[in-house]
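Mapping the sequence shown onto full-length UniProt numbering, position 314 (from 1) lands on 314, and the numbers just tick up by one.
Each residue gets a CB set at the ideal place from its N, CA and C atoms; glycine is no exception.
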Amino acid sequence: MPTCEPLEGNPDFYGLGIRIGIYLQWWSAWLSLLLDPESAQSVLDANSVSLFAVTIATIIAARRNAPAIEMYIMLQILIGFPVTTLSSFGLRLWLMSPRRLDKLKDELKRLWREDREKRKETARRTEERKREHRQELQQRRDHRRTSKQNGRFVNLMLDWLDVFVHADRLRTQPDSQAQPQPGPQPQPPKTAGGSGAAMDVVYLLWHLPIVLPLQVLSSLKFPGLSWSGVQWRTTTVALLAAYNMVYWFDAGEHGVKQPPSLGCGPPTIFMFSIQLLAGPIVTLGCISAVFIAVIVGPPTLTLLMLALRVLLYAIVFIARDMYFIVTSADPQSFKTILDKVNNVLSHKTLRVTSMLEIYSPIVPILPFMNITGRSLLDLLEFMSSYGADNSIRFSDVIKVGVSLGMGRPVKRQSEARDDNPHISRAQTMPLDWTRFGGSPNRQLITRLCVAWNIWMVLSIIWFITSIETTIWWNNIQGVHTIDSTGQLIPFIIGCVSASQVVKKLILLALGKKYPDWADTELEIQDGPSGPLIWKIVRRGHGDINPTGGATAGNTEVHAAAINGP
Numbered sequence: 001m002p003t004c005e006p007l008e009g010n011p012d013f014y015g016l017g018i019r020i021g022i023y024l025q026w027w028s029a030w031l032s033l034l035l036d037p038e039s040a041q042s043v044l045d046a047n048s049v050s051l052f053a054v055t056i057a058t059i060i061a062a063r064r065n066a067p068a069i070e071m072y073i074m075l076q077i078l079i080g081f082p083v084t085t086l087s088s089f090g091l092r093l094w095l096m097s098p099r100r101l102d103k104l105k106d107e108l109k110r111l112w113r114e115d116r117e118k119r120k121e122t123a124r125r126t127e128e129r130k131r132e133h134r135q136e137l138q139q140r141r142d143h144r145r146t147s148k149q150n151g152r153f154v155n156l157m158l159d160w161l162d163v164f165v166h167a168d169r170l171r172t173q174p175d176s177q178a179q180p181q182p183g184p185q186p187q188p189p190k191t192a193g194g195s196g197a198a199m200d201v202v203y204l205l206w207h208l209p210i211v212l213p214l215q216v217l218s219s220l221k222f223p224g225l226s227w228s229g230v231q232w233r234t235t236t237v238a239l240l241a242a243y244n245m246v247y248w249f250d251a252g253e254h255g256v257k258q259p260p261s262l263g264c265g266p267p268t269i270f271m272f273s274i275q276l277l278a279g280p281i282v283t284l285g286c287i288s289a290v291f292i293a294v295i296v297g298p299p300t301l302t303l304l305m306l307a308l309r310v311l312l313y314a315i316v317f318i319a320r321d322m323y324f325i326v327t328s329a330d331p332q333s334f335k336t337i338l339d340k341v342n343n344v345l346s347h348k349t350l351r352v353t354s355m356l357e358i359y360s361p362i363v364p365i366l367p368f369m370n371i372t373g374r375s376l377l378d379l380l381e382f383m384s385s386y387g388a389d390n391s392i393r394f395s396d397v398i399k400v401g402v403s404l405g406m407g408r409p410v411k412r413q414s415e416a417r418d419d420n421p422h423i424s425r426a427q428t429m430p431l432d433w434t435r436f437g438g439s440p441n442r443q444l445i446t447r448l449c450v451a452w453n454i455w456m457v458l459s460i461i462w463f464i465t466s467i468e469t470t471i472w473w474n475n476i477q478g479v480h481t482i483d484s485t486g487q488l489i490p491f492i493i494g495c496v497s498a499s500q501v502v503k504k505l506i507l508l509a510l511g512k513k514y515p516d517w518a519d520t521e522l523e524i525q526d527g528p529s530g531p532l533i534w535k536i537v538r539r540g541h542g543d544i545n546p547t548g549g550a551t552a553g554n555t556e557v558h559a560a561a562i563n564g565p
């Protein structure tokens, strides 16, 4: 009787290096979105590119009849991105911090009040127009009954034509409780042939209302995220949802119902315990696939229709511009444009001989020795001036490092105050779990944010556990070492992402320890004799330098690598 042989896995799909890199991406993305929401655009772009690449590779492998258990592992990796860290509109960024969630609540309330007032005003104007039209029709009918100019037969015909007017326009007494009736819907054009149904579908899709869905989606979009990025991430997640549907519902050799290998039973997966990938688990997978498609479908369709309309308008505008360029009385040829560019470049270029003269390898020996000796004297004087009141401390160097790592302070109109005009990038990083305004539902909002972050942590742990246990229980070989070049790229990307998060944590801790770091800056100038001059400047406190320096108010640092020529 044949025995089940171990499955030789594909290390370029889910090898150890790839898995570690993806796990590090999940953790680093969660911490980055939690601590630094301004980096959301770059973090989500990196994750969406990884998701798109893995999705395309998975679809190609499925078309080549890869084992069903391998495709299940790849699906766990793919679904792990949108469930844990990848957000199309940035809704999960609002839920990560009480301060952000409180702002979202206020924004939704404001939009709801504005929309409610707008709907009331629209309904009032519609009812007024209908009442005026009904009065006009009634006056015309009364005038026809009293007038004998047209004759009785003509008046009867006109009254009969009024029957075809909409029913709500024939009411003599307006009903105050009646809801405004929608206007006439657009009718698809009449077409002949077999393409009529397709044209009807295209026409109806083109006339779908998208203003209201866009208003809802716009209020949920996190500030700082571009609409092009939203379109890209939504399309990528929709592609993943489509393949997820195909995997669970395909009855052939490309989905979950693929026959097992000779001598092997159904594969096992992790679902709170060891479970067979058959029967109820397949039914649960089908239900979850439909649920994901229902969630992803409406926003994807809305953004797709908007993108198609923008594309059509762009094509029309380009065609119009090209027409006027071609039919212009004095069209510019390509050679004319090149001549203008060449004329500009000919006046802006540097002579090669002047470049060689500037960067000559001959270095004067005597000035170099003079600079080196003076640098040693400045270093000795710096080391002997520790007790001075205006001397440099190591904390000042740390503040400069935090300033360089966090970025220069900026002033925001919505957050700046008179007593604190400089709002830095790091000042948006604290979570403010306890201080985010006087919201009456402060405890509820805080609990929701804590629960959401716990959910994200548990989701990451769940997908890691599911992937690793599935590989272990199904005895998949060849994916437990980093011995191929294809695994190094995602592994290095994950390690770099993790190091960036560690850097943010260190800068955040140092920024909290030295809150005046935003007032400390580093200035670099060229010295009179060549060496660089480093200045540590405090805003409002002057320069921080050792007393009696070689240059008044400056601290000179000399090094052969940075000396002037």
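Using the rule of at least 16 other Cβ atoms within 10 Å of the residue's Cβ for burial, across every protein chain shown, is residue 11 buried or exposed?
Locating residue 11 in the sequence shown gives position 11, where the first residue counts as 1. With 16 or more other Cβ atoms within 10 Å, it is buried.
Using CA atoms only, rank isn't needed, just tell me which of 29, 14 and 36 is closest to residue 507.
Here residue 507 refers to the residue found at position 507 when the sequence shown is read from its first residue. Checked all of 29, 14 and 36; the closest Cα to residue 507 is 36.
Which residues in the same chain have their Cβ closer than 6 Å to the Cβ of residue 169, if we skip the five residues on either side of it in sequence?
The residue you call residue 169 lines up with position 169 of the sequence shown. Confidence at residue 169 is low in this model, with a pLDDT of 42, below 50, so its placement is unreliable and the value that follows should be read with caution. Hits under 6 Å: 133 and 134.
My output table needs one value for residue 85: the three-state DSSP class, helix, strand or coil.
As a first step, residue 85 is located in the sequence shown; it is residue number 85 there, counting from the start. Three-state result, residue 85: coil.
Residue 86 versus residue 235: straight-line alpha-carbon distance, rounded
Here residue 86 refers to the residue found at position 86 of the sequence shown. Here residue 235 refers to the residue found at position 235 of the sequence shown. Distance between the alpha carbons of residue 86 and residue 235 is about 13 Å.
Do residue 9 and residue 490 have their CB atoms nearer than 8 Å?
Residue 9 sits at position 9 when you count from the first residue of the sequence shown. Residue 490 sits at position 490 when you count from the first residue of the sequence shown. Contact flag unset, no.
Whole angstroms are fine: how far does the CA of residue 264 sit from the CA of residue 62?
In the sequence shown, the residue the question calls residue 62 occupies position 62. In the sequence shown, the residue the question calls residue 264 occupies position 264. In a straight line, the C-alpha of residue 62 is about 20 Å away from that of residue 264.
Between which two residues does the beta strand (DSSP E) carrying residue 268 extend?
Here residue 268 refers to the residue found at position 268 when the sequence shown is read from its first residue. Per DSSP, residue 268 belongs to the beta strand (DSSP E) from 268-270.
Among 398, 478 and 105, whose alpha-carbon lies nearest the alpha-carbon of residue 515?
In the sequence shown, residue 515 corresponds to position 515, counting from 1. Of 398, 478 and 105, the residue nearest in Cα terms is 398.
Could you tell me the distance, in whole angstroms, from the CA atom of residue 120 to the CA atom of residue 106?
Translated into positions along the sequence shown, residue 120 becomes position 120. Translated into positions along the sequence shown, residue 106 becomes position 106. Between residue 120 and residue 106, the C-alpha separation is close to 21 Å.
In whole angstroms, what separates the C-alpha of residue 248 from that of residue 24?
Counting from one through the sequence shown, the residue named residue 248 turns up at place 248. Counting from one through the sequence shown, the residue named residue 24 turns up at place 24. Between residue 248 and residue 24, the C-alpha separation is close to 28 Å.
My assumption, with CB atoms under 8 Å, is that residue 97 sits in contact with residue 495. Please give the rounded CB distance.
Residue numbering aside, residue 97 sits at position 97 when the sequence shown is read from its first letter. Residue numbering aside, residue 495 sits at position 495 when the sequence shown is read from its first letter. Not confirmed; about 27 Å, so no contact.
Distance, Cα to Cα, residue 220 vs residue 99?
Within the sequence shown, numbered from 1, the residue matching residue 220 stands at position 220. Within the sequence shown, numbered from 1, the residue matching residue 99 stands at position 99. If you take the alpha carbons of residue 220 and residue 99, they lie about 15 Å apart.
What does DSSP give as the partner residue(s) for residue 276 in the beta ladder?
Reading the sequence shown from its first residue, position 276 is the one you call residue 276. Paired residues: 268.
Go through its chain and collect everything with a Cβ distance to residue 108's Cβ below 7 Å, but skip five positions before and after it.
On the sequence shown, residue 108 is found 108 positions in, with the first residue counted as 1. Closer than 7 Å at the Cβ level, and outside the excluded window around residue 108, lie 219.
Enumerate in chain order the residues of its own chain whose CB-to-CB distance from residue 231 is below 8 Å, with the five nearest sequence positions on each side excluded.
Numbered from 1 along the sequence shown, position 231 holds the residue referred to as residue 231. Excluding sequence neighbours, residue 231 sits near 303 and 307.
Give the secondary structure of residue 25 by DSSP, where H, G and I count as helix, E and B as strand, and everything else as coil.
Here the question's residue 25 lines up with position 25 in the sequence shown. In the structure shown, residue 25 sits in a helix (DSSP, three-state: H, G or I).
Any idea what DSSP makes of residue 258, helix, strand or coil?
Translated into positions along the sequence shown, residue 258 becomes position 258. The answer is coil: DSSP assigns residue 258 none of H, G, I, E or B.
Segment limits, alpha helix (DSSP H) that includes residue 221
Translated into positions along the sequence shown, residue 221 becomes position 221. Looking at the DSSP string, residue 221 is not in any alpha helix (DSSP H), and its letter there is neither H nor E.
Coarse secondary structure for residue 460, derived from DSSP in three states:
Stepping through the sequence shown from its first residue, residue 460 is reached at position 460. Note: residue 460 maps to helix in three-state DSSP.
I think residue 267 touches residue 68, with their Cβ atoms under 8 Å apart; what is that distance to the nearest whole Å?
Counting from 1 along the sequence shown, the entry for residue 267 is found at position 267. Counting from 1 along the sequence shown, the entry for residue 68 is found at position 68. Correct: roughly 7 Å between the Cβ atoms.
Name the DSSP beta bridge partners of residue 8, please?
Locating residue 8 in the sequence shown gives position 8, counting from the first residue. Partner(s): 477.
Cα-Cα separation between residue 283 and residue 258, rounded to whole angstroms:
Here residue 283 corresponds to residue number 283 of the sequence shown, with the count starting at 1. Here residue 258 corresponds to residue number 258 of the sequence shown, with the count starting at 1. Answer to the nearest angstrom: the Cα atoms are 15 Å apart.
Does the region 44-52 come close enough to the region 76-95 to have 3 or more Cβ pairs within less than 8 Å?
yes
Compute the Euclidean distance between the alpha carbons of residue 81 and residue 26, then round it to the nearest angstrom.
Position 81 of the sequence shown holds residue 81. Position 26 of the sequence shown holds residue 26. Rounded to the nearest angstrom, the two C-alpha atoms are 7 Å apart.
Through-space distance from residue 291 to residue 316, alpha-carbon basis
Position 316 of the sequence shown, counted from the start, is the residue given in the question as residue 316. Position 291 of the sequence shown, counted from the start, is the residue given in the question as residue 291. Going from the Cα of residue 316 to the Cα of residue 291 covers about 38 Å.
Looking at C-alpha atoms only, which residue of 280, 472 and 55 is the closest neighbour of residue 233?
Counted from its first residue, the sequence shown places residue 233 at position 233. Of 280, 472 and 55, the residue nearest in Cα terms is 55.
What whole-angstrom Cβ distance do residue 245 and residue 289 have, given they're in contact under 8 Å?
On the sequence shown, residue 245 is found 245 positions in, with the first residue counted as 1. On the sequence shown, residue 289 is found 289 positions in, with the first residue counted as 1. Confirmed, Cβ separation roughly 5 Å.
6 Å Cβ shell around residue 6 - same chain, five flanking residues per side excluded:
What you label residue 6 is simply residue 6 of the sequence shown in a count that begins at 1. For residue 6, where only same-chain residues beyond five positions count, the Cβ hits under 6 Å are 475 and 477.
Would residue 229 and residue 44 qualify as a contact pair, given that the criterion is a beta-carbon distance under 8 Å?
In the sequence shown, residue 229 corresponds to position 229, counting from 1. In the sequence shown, residue 44 corresponds to position 44, counting from 1. Cβ atoms of residue 229 and residue 44: closer than 8 Å.
How is residue 353 classed by DSSP in three states: helix, strand or coil?
Locating residue 353 in the sequence shown gives position 353, where the first residue counts as 1. Any reading at residue 353 needs caution, since the residue's pLDDT is 42, under 50, leaving its predicted position unreliable; the model's value is listed next. Three-state DSSP puts residue 353 in a helix.
7 Å CB neighbourhood of residue 77 in its chain, flanking five on each side removed:
As a first step, residue 77 must be located in the sequence shown, where it is residue number 77. Taken in chain order, the residues that qualify are 14, 22, 54 and 467.
If you compare alpha carbons, which of 72, 497, 500 and 487 is closest to residue 18?
Within the sequence shown, numbered from 1, the residue matching residue 18 stands at position 18. The option with the nearest alpha carbon to residue 18 is 487.
Beta carbon of residue 464 nearer than 8 Å to that of residue 101:
Your numbering for residue 464 matches position 464 in the sequence shown. Your numbering for residue 101 matches position 101 in the sequence shown. Cβ distance not < 8 Å, so residue 464 and residue 101 don't count as in contact.
With DSSP collapsed to three states, give me the class of residue 327.
Looking up residue 327 in the sequence shown gives position 327. Of the three classes helix, strand and coil, the one that applies to residue 327 here is coil, per DSSP.
Terminal residues of the continuous alpha helix (DSSP H) containing residue 233?
Taking the first residue of the sequence shown as 1, we reach residue 233 at position 233. Where residue 233 is concerned, the enclosing alpha helix (DSSP H) stretches over 227-249.
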